[in-house]
Structure formats: C-alpha cells, structure tokens
Amino acid sequence: MEPESGGPSRLGAMRGGGGVADLFGAGKVVKVCAPMVRYSKLTFRSLVRRYDCDVCFTPMIVAADFVRSVKARDSEFTTNQADRPLIVQFAAKDAQSLADAARVVAPFSDGVDLNCGCPQRWAMAEGYGACLINKPELVKDMVQHVRNQVDNPNYAVSIKIRIHKDIRRTVDLCQKAEAAGVSWVTVHGRTADERHQPVHYDAIKTIKDSLSVPVIANGDIKSLQDIESTHQQTGVDGSRMTLQWTTVACFLYVEVGLLLVLCIPFISPQRWQRIFNFSIWGKVAPYWNKGFLTMIVVLIILFLDAVREVRKYSAGEQNKEAKLYPNMMDHLHMKLFRAQRNIYISGFSLFLWLVMRRVITLINQLATAKGTSAALQAQAESSNQAATKYMEDNELLKQVWGPGEVQGFRDGELQLLSYLKMFPRLWQKGRGRRLLLKTTMR
Numbered sequence: 329m330e331p332e333s334g335g336p337s338r339l340g341a342m343r344g345g346g347g348v349a350d351l352f353g354a355g356k357v358v359k360v361c362a363p364m365v366r367y368s369k370l371t372f373r374s375l376v377r378r379y380d381c382d383v384c385f386t387p388m389i390v391a392a393d394f395v396r397s398v399k400a401r402d403s404e405f406t407t408n409q410a411d412r413p414l415i416v417q418f419a420a421k422d423a424q425s426l427a428d429a430a431r432v433v434a435p436f437s438d439g440v441d442l443n444c445g446c447p448q449r450w451a452m453a454e455g456y457g458a459c460l461i462n463k464p465e466l467v468k469d470m471v472q473h474v475r476n477q478v479d480n481p482n483y484a485v486s487i488k489i490r491i492h493k494d495i496r497r498t499v500d501l502c503q504k505a506e507a508a509g510v511s512w513v514t515v516h517g518r519t520a521d522e523r524h525q526p527v528h529y530d531a532i533k534t535i536k537d538s539l540s541v542p543v544i545a546n547g548d549i550k551s552l553q554d555i556e557s558t559h560q561q562t563g564v565d566g567s568r569m570t571l572q573w574t575t576v577a578c579f580l581y582v583e584v585g586l587l588l589v590l591c592i593p594f595i596s597p598q599r600w601q602r603i604f605n606f607s608i609w610g611k612v613a614p615y616w617n618k619g620f621l622t623m624i625v626v627l628i629i630l631f632l633d634a635v636r637e638v639r640k641y642s643a644g645e646q647n648k649e650a651k652l653y654p655n656m657m658d659h660l661h662m663k664l665f666r667a668q669r670n671i672y673i674s675g676f677s678l679f680l681w682l683v684m685r686r687v688i689t690l691i692n693q694l695a696t697a698k699g700t701s702a703a704l705q706a707q708a709e710s711s712n713q714a715a716t717k718y719m720e721d722n723e724l725l726k727q728v729w730g731p732g733e734v735q736g737f738r739d740g741e742l743q744l745l746s747y748l749k750m751f752p753r754l755w756q757k758g759r760g761r762r763l764l765l766k767t768t769m770r
C-alpha cells in the first residue's frame, strides 16, 4: 500500500530492510498514538498523522468476535492506503483466536498488538487485558502462534502490559515474550489496581534495561515536553501522548494576541464596529453563542482536570510510595510543576475568553454611544444656528419699527425682511421700509 504525502518518510525504514519495528532506531524517539476506545478510528488516525505521528493503533478489538462475525469486522476495522504504519490491537485469551485475527488483518496492517494492560472489570472477568500479565506462558504462546501463522517475517507482533508490584515478575514476563519473538513491548507504568496514581517510570526503565527489543512508555504523557522527559528518565524508544495542553497553550497565545489588537489605541471604536458589521460575521453569528459556551465548558473541564493532577501529585501517600523507587521524587516534582502550569494555562485561557467577549461588547456599545452623541451634537448645532439667525432678524426689526411693533410680525414677514437686507441701497432709500409696511398692512 502506498501512503499519502508524508507517508514515505515513515515507511522508509520498513522498505529498506524490515517492518515497522525498524522505526525504533537507536536514540530516536518514536511518537505513537495510543489505542483509545471509540476514538482511534480511521478518521481520528488520519487527523493525528498530519501532526507528525509516527505509528497509529486501532482501538482494542476482541479477537474471537472479530474472527467469528463479518459484521464485527466491518464495523471495528476500517483503513485506507494512507493509514500506515498501522498496528491493530486485539484482546484475546487463547493463542488460536489471536493468530486467526492476525491473519485476517495482516494484508492491511503492519502488525498486531496483544492487550495485556486493560484494567476494566469486564475485560478481566472475561480473561482479557491486565489479567494476562499473571499468565506469562500464555502470552508467550500467543506471540509464537502469530509468528508461526503469519507468513510475513517483517510483520510486527507486540504486547502492551501493566506492571506488577514486584517488578521482577514483569521483567520475567517481558523476557519470555522477547524469547517468543515479540517486536516491542509497550509498558503502562501502573499496576492493574492503579488508576490516577503517578506512573512508575523507574519500573519502565528497569524493563527497558532488561530487554533488547524496543520499549514504548505509556501513561501521563500529555505534551512534547513529557515525551522528552520520559525518554531521559527511562531511555525508552517510543512514547504515547496526547496534545490537549499544547492546543490549549496555542489557544491562550491567540487570545492574548487578539486582545492586544483590540486594545490598539489608534483604531477607533467606530472602525471596529464597521469591521464587526462585515457580512461574514453575520453568517457566523448564529453559531457564535454555541461556540462560546462550548469553549467555556471545555476550558472548565481542562481546568478541573489540571486541579485533579495537582492534587494527585501533591498527595502525601504518593510521595511515600515514590520513595520506594530511586529518583522518583524528582519525577513527581516535575509532574507537579507541569500540572500547576496546566492550571495557569487553562485558567488564564478561560479568563481571557470571558474578557474578550466583554471587550468586544464594550467596543460595540462605545461606538454606538459615540455615533448617537455625534448625531445629537449636529442637531444641536443646527438648532443653534437657526436660533442665532432668528435673533439677528428680530434685532433688525427692532431697529426699523421699534420694539413694540416687532412682536406682531409673522414668520413670513421676518423672512421678507431678511430678503430686503440683501439689497442695502433699496433699504437705505426707504423703498424697503415701504414695501415691508404694505406687506404687514394686508
């Protein structure tokens, strides 16, 4: 299958002499999009590949159902030519069903991954997921079956695991899988009972040092900085991450930039109002309120998640447990610092989002008020000019007829007087006075 633009760089190593495992070169950090239930579908994978993701996983698929049901195959597994390198993750509890599922997807993927880390109750009750870390011989047998039944020697077979409290048991499991021909091991650095506790990166490092195959670190990797720090802490070959905080930080920078532009002093409110009245904003207006409220909800959720992270890494119990692992306290302090940073990022993003809405409203109101004030001022000036002209004409009549007679003049007579003033000679000879007198006597 040929990839779209950008794909050849990811597949170059595979075509040069091996499979997807060859991406894990010495000293190279491979960015992997982890399998996520209901999310890691084809559309989502196509999106993350645009952002320099090296390898993508499908969501976990139950191998027995996948082999047995055509409907399950059609709904659970979709791909295209650009969707490479692709690893299909299966949940299985016997070697034959995993091997059969691998043979079905082998022509359309670059490898399969056995899930030995899912801690959900239903999975463990059915014999899937994290319960397999207690069955190293079964895991070894499943890896061997896939190797024996898939003809392509470059086809990857990997496992994803959680750790034991006794790290020696985990090392034994991984070494048996390595002996069976596993391509790499993904390690989620928590036990099956742990959910939000800090990841035991020292345990991942111990596993990495015990194996010759690549190791991928998984757990609490939320930014590019986390990838680098995890690589330095453990020496692993790959990391699985999310980009939510990078996106929020970019959103914060955009907000700051927009507010600075809105506060430029030499751009008048009237000009901003004309910009806001462009036709394009009229098309966006029906969706503005929904988008505004949606963004508030998202930022609040991220803020609360950051608060939870701070509480998690500040917990005294976690600090006591971390002392059991060398250098774990330093890693906890680093995680706490980043969780606090995420609070500031999400909190300021939420605050500036509300401020920006208010600033735009105030600019519109100020522009409207200034426009109304200018109209009232023009009307007042016009009225003032008319009153001044009227007073001048009235004074002129007083000079001609006397104060007592001017009060009886009508508006038309005042207009005639103004007209006669335009002919000074006629007025001086008395003709203007006689004409005005005749007019007023009618």
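For what it's worth, my numbering labels the leading residue of the sequence shown as 329, then goes sequentially. The beta carbon of each residue, even a glycine, is placed where N, CA and C say it ideally should be. Since the structure is predicted, the reported quantities are computational estimates derived from the model, not experimental observations.
Apply the 10 Å Cβ neighbour rule to residue i and answer buried if 16 or more other Cβ atoms are within range, or exposed otherwise.
i	result
P593	exposed
G585	exposed
L680	buried
M470	buried
T386	buried
F631	buried
G699	exposed
N773	Past the edges of the chain, shown from 329 to 770, lies residue 773, and the structure says nothing about it.
V474	buried
P363	buried
Y529	buried
S494	The sequence given here places Asp at residue 494; Ser does not occur at that position. That one is exposed.
S711	exposed
E637	buried
V365	exposed
T407	buried
Would you report the Cα separation of residue i and residue j, rounded to the nearest angstrom?
i	j	result
I555	I549	6 Å
Q668	D422	45 Å
V383	L375	12 Å
V433	C578	38 Å
P542	V348	11 Å
V510	N476	12 Å
A715	A706	14 Å
R401	L426	14 Å
Q424	D521	29 Å
T696	N617	22 Å
Q417	P435	15 Å
Q572	H524	18 Å
Y615	L621	10 Å
S403	V687	48 Å
I628	L580	14 Å
K504	E465	8 Å
T574	G455	37 Å
E583	V485	45 Å
W450	A458	11 Å
K359	L370	18 Å
V357	T558	10 Å
Since residue i is in the alpha helix (DSSP H), which residue starts that stretch and which ends it?
i	result
T519	Looking at the DSSP string, T519 is not in any alpha helix (DSSP H), and its letter there is neither H nor E.
L370	L370 to R377
A507	I495 to A507
I532	Y529 to S538
M797	Since the first residue shown for the chain is 329 and the last is 770, residue 797 is missing from the structure and cannot be characterised.
W450	R449 to A453
Of the residues the options, which one's Cα is nearest the Cα of residue i?
i	options	result
L694	S596, M623 and F352	S596
V499	V471, A702, S540 and V683	S540
L414	Q448, F372 and L426	F372
F352	S437, S551 and W512	W512
I544	H516, R523 and W616	H516
S538	A507, K399, M364 and S710	A507
V395	C381, R431 and N408	R431
R497	K369, V485, T514 and K463	K463
K488	D350, D494 and K468	K468
R490	L460, V357, A453 and L590	L460
R639	Y529, V625, R666 and I624	R666
C502	A458, I535, R599 and N482	I535
L590	R685, M623 and N605	R685
P526	I532, R518 and K533	R518
S677	S437, V576 and P447	V576
Q598	A702, I624 and L664	A702
Under DSSP, the beta strand (DSSP E) around residue i begins and ends at which residues?
i	result
K463	No beta strand (DSSP E) contains K463, which DSSP labels as neither H nor E.
K359	V358 to C361
V543	V543 to N546
A484	A484 to R490
D441	G439 to C444
8 Å is my cut-off, CB to CB: does residue i come that close to chain C?
i	result
C578	In the structure shown, chain C cannot be found, because there is only a single protein chain.
Could you give the uninterrupted runs of the beta strand (DSSP E) lying entirely in the region 382-436, keeping only those of 3 residues or more?
-> For the region 382-436, whole beta strand (DSSP E) runs of length 3 or above, ordered along the chain, are 383-385 and 414-419.
4-residue-minimum alpha helix (DSSP H) runs that sit fully inside the region 578-640, ordered along the chain = Counting whole runs of 4 or more residues, the region 578-640 contains the alpha helix (DSSP H) stretches 597-604.
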